[in-house]
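A short worksheet on the structure shown next.
What follows is the structure, given as structure tokens:
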């Protein structure tokens with residue numbers, strides 16, 4: 016893999032992730048501004064149903080496609096893609112049938128008429144996830160970025176138009192369903208050239224590998240999406256009502272997308288690299304893990320501190336004064352989401368080595384702890400208890416997972432380097448705290464961002480976080496990204512025929 020290709024991949028992957036994060040937060044702002052907290056809570060429950068259904072449709076197929084499409088030849092990658100899409104389509108049909116049947120059940124008092132449409136949206140969203148994983152495995156980062164640059168802003172603009180026309184919740188739900196269907200068609204169009212008609216069926220042993228890896232990923236994703244990310248919404252809806260759901264959902268979305276912008280890119284880029292290396296190059300794998308963890312923490316830590324200091328200003332500016340009480344939930348959610356984000360490097364190592372079973376062992380234990388904390392804290396402390404329950408489970412899972420990864424790779428956790436980055440960010444904490452209390456609002460936040468950009472890199476140098484190897488590596492990447500010392504692009508892995 017050449018450095019030029021690495022820079023190109025990072026550029027397009029960062030562009031896609033940035034667009035996804037900005038448009039998601041923008042959609043949350045529209046919902047918070049255009050609906051009452053109670054209606055916003057009902058809308059969040061509808062989105063949760065779509066996400067749950069999409070998780071069932073995905074069932075691990077997306078990560079399986081990413082892992083195996085990256086390590087196989089183009090012809091075998093196409094055959095694997097066809098196989099996974101057929102299975103995901105059957106899961107999507109099942110979700111739609113279940114949603115239509117539930118339409119007439121006695122348990123659908125909130126939005127029974129919308130259940131079939133939400134089932135359709137879930138099926139489309141799940142299939143989109145599978146196609147997204149395959150495109151990442153094929154290295155089509157530029158195509159993914161272009162699709163998201165068109166589809167996601169269009170969804171936000173459609174929501175804005177619906178609210179301006181007085182469409183309310185009905186209009187927003189229509190946009191939700193339509194956006195997922197349009198996104199599926201767009202990704203299908205982009206994926207079509209990569210899925211050449213397979214000449215032969217997959218070998219039985221390959222199918223066994225796919226299914227074994229897929230069911231492990233399905234359980235892991237189900238635990239992550241439904242238990243770690245969304246179980247608090249079920250408890251809040253039961254014990255506290257839709258307003259508490261809206262408070263928690265807005266802060267959770269803000270924290271998770273702020274933290275997962277860079278880690279989502281790192282995970283999508285690292286997993287194919289690890290799959291290409293395999294288990295035969297342990298030294299390079301250990302280096303990938305250590306450097307990935309170091310860089311992720313260096314990016315995540317100041318974001319968590321900044322968001323914690325300016326939590327009240329952020330929520331009031333984005334969502335309005337009605338959401339000011341939710342500011343107390345943002346610091347623990349940033350802490351938990353940040354810990355999960357730093358773990359993207361270790362997760363990529365385990366995915367690439369086909370060892371998701373190691374993640375499952377941690378996930379079972381952490382999910383049980385999370386549910387127990389939800390049951391204990393949410394009835395007593397509402398959305399604030401939900402935030403601390405989620406953060407505690409994330410910190411526990413990341414700590415255990417890091418120990419397992421270091422043992423697997425026979426390497427040391429880069430704790431000393433992380434402490435240096437923590438010190439660099441901590442030195443900015445008094446500045447941000449003073450700005451947040453003396454200049455609340457946009458002015459204080461703008462000065463805080465200026466302090467981050469101007470002071471944090473020199474502090475990383477002063478604390479010794481950036482080594483000479485780091486500086487040399489980044490100078491080289493900067494020169495290549497700027498067009499200096501240009502070299503012809505080498506093929507990405509085995510998929511030179513599939514490069515955009």
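Numbering (our numbering), first residue to last: 16 to 515.
For each residue, glycine too, the CB sits at the ideal point set by N, CA and C.
These numbers were taken from a predicted model, which means no experiment stands behind them.
Does the beta-carbon of residue 452 have 16 or more other beta-carbons within 10 angstroms, so that it is buried, or is it exposed? Residue 452 is exposed by the Cβ-count criterion.
Chain-order list of residues whose beta-carbon lies under 7 Å from that of residue 394 (same chain, five-residue window excluded): For residue 394, where only same-chain residues beyond five positions count, the Cβ hits under 7 Å are 254.
Hey, out of 236, 129, 309, whose CA is closest to residue 141's CA? Measuring from the Cα of residue 141, the nearest candidate turns out to be 236.
What number of angstroms, rounded off, separates the C-alpha of residue 46 from the C-alpha of residue 272? Distance between residue 46 and residue 272, taken at the CA atoms: about 16 Å.
Just tell me which of 430, 362, 396 has its CA closest to the CA of residue 416. Of the candidates 430, 362, 396, the one whose C-alpha sits nearest the C-alpha of residue 416 is 362.
How should residue 222 be labelled, buried or exposed, when 16 other C-beta atoms within 10 angstroms of its C-beta is the threshold for buried? That one is exposed.
Given a threshold of 16 other Cβ atoms within 10 Å of its Cβ, counted over all protein chains shown, does residue 165 qualify as buried or as exposed? Classified as exposed, residue 165 has fewer than 16 neighbouring CB atoms from the shown chains inside 10 Å of its CB.
Buried/exposed call for residue 124, threshold 16 Cβ in 10 Å: Note on residue 124: pLDDT 49, under 50, position unreliable in the model; no value is reported.
Take residue 198 and list the residues in its own chain whose beta-carbon comes closer than 6 Å to its own, dropping the five residues that flank it on each side. Scanning its chain for C-beta atoms nearer than 6 Å, with the 5 sequence neighbours on each side dropped, one finds around residue 198 the residues 143, 166, in chain order.
If you drop the 5 nearest sequence neighbours on each side, which residues of the same chain put their C-beta closer than 7 Å to that of residue 230? 75, listed in sequence order.
Specify whether the region 472–482 and the region 435–442 touch according to this definition: at least 3 beta carbon pairs, one from each stretch, less than 8 Å apart. In short, these stretches touch, since the Cβ pair count reaches three.
Indicate whether residue 217 and residue 98 have their beta-carbon atoms separated by less than 7 Å. Result yes, Cβ atoms of residue 217 and residue 98 sit closer than 7 Å.
Is the beta carbon of residue 407 less than 7 Å from the beta carbon of residue 388? Cβ atoms of residue 407 and residue 388: closer than 7 Å.
So residue 360 packs on residue 304, CB below 8 Å; how close in whole Å? Rounded, the Cβ-Cβ distance is 5 Å, consistent with contact.
Coil, strand or helix - residue 321 by DSSP: Helix.
Leaving out the 5 sequence neighbours to the left and right, which residues in its chain are closer than 7 Å to residue 339 when beta-carbon positions are compared? Excluding residues within five positions, the ones whose Cβ falls inside 7 Å are 327, 330, 331.
Run of the alpha helix (DSSP H) containing residue 98, from where it starts to where it stops: Where residue 98 is concerned, the enclosing alpha helix (DSSP H) stretches over 89–117.
Only counting the same chain, and skipping five residues up and downstream in sequence, which positions put a Cβ closer than 8 Å to that of residue 225? Contacts found: 79, 83, 95, 98, 99, 217.
Taking Cβ to Cβ, would you say residue 110 is nearer than 7 Å to residue 92? Annotated as distal: residue 110 and residue 92, with beta-carbon spacing of 7 Å or more.
Through-space distance from residue 311 to residue 128, alpha-carbon basis: Straight through space, the alpha carbons of residue 311 and residue 128 are spaced by roughly 44 Å.
Collapsed DSSP secondary structure at residue 425 in the structure displayed: For residue 425, the three-state secondary structure derived from DSSP is coil.
Could you give the residue range of the alpha helix (DSSP H) that holds residue 76? Membership of residue 76 in the alpha helix (DSSP H) is indicated by the continuous run 76–86.
Compute the distance between the beta-carbons of residue 150 and residue 210, then report whether it is under 7 Å. The Cβ atoms of residue 150 and residue 210 lie no closer than 7 Å to each other.
Same chain, Cβ closer than 7 Å to residue 317, neighbours up to 5 away in sequence not counted: Counting only Cβ-Cβ distances below 7 Å, and skipping sequence neighbours, we find 440, 443, 467, 471.
What's the gap between the Cα of residue 346 and the Cα of residue 179? Distance between the alpha carbons of residue 346 and residue 179 is about 33 Å.
Give me the Cα-Cα distance between residue 193 and residue 77, rounded to the nearest whole angstrom. Rounded to the nearest angstrom, the two C-alpha atoms are 22 Å apart.
Express the C-alpha separation of residue 476 and residue 64 in angstroms, rounding to a whole number. Each residue's Cα considered, the two are about 46 Å apart.
Member of 370, 402, 262 whose CA lies at the smallest distance from the CA of residue 337: Of the listed residues, the one whose Cα sits closest to residue 337 is 262.
Apart from the five residues on each side of it in sequence, which residues of its chain come closer than 7 Å, Cβ to Cβ, to residue 234? Excluding sequence neighbours, residue 234 sits near 375.
Pull up the distance between the alpha-carbon of residue 391 and that of residue 43, whole angstroms please. Between the C-alpha atoms of residue 391 and residue 43 there is a straight-line separation of about 28 Å.
Three-state secondary structure (DSSP) at residue 216? Residue state for residue 216 is assigned as coil, using DSSP reduced to three classes.
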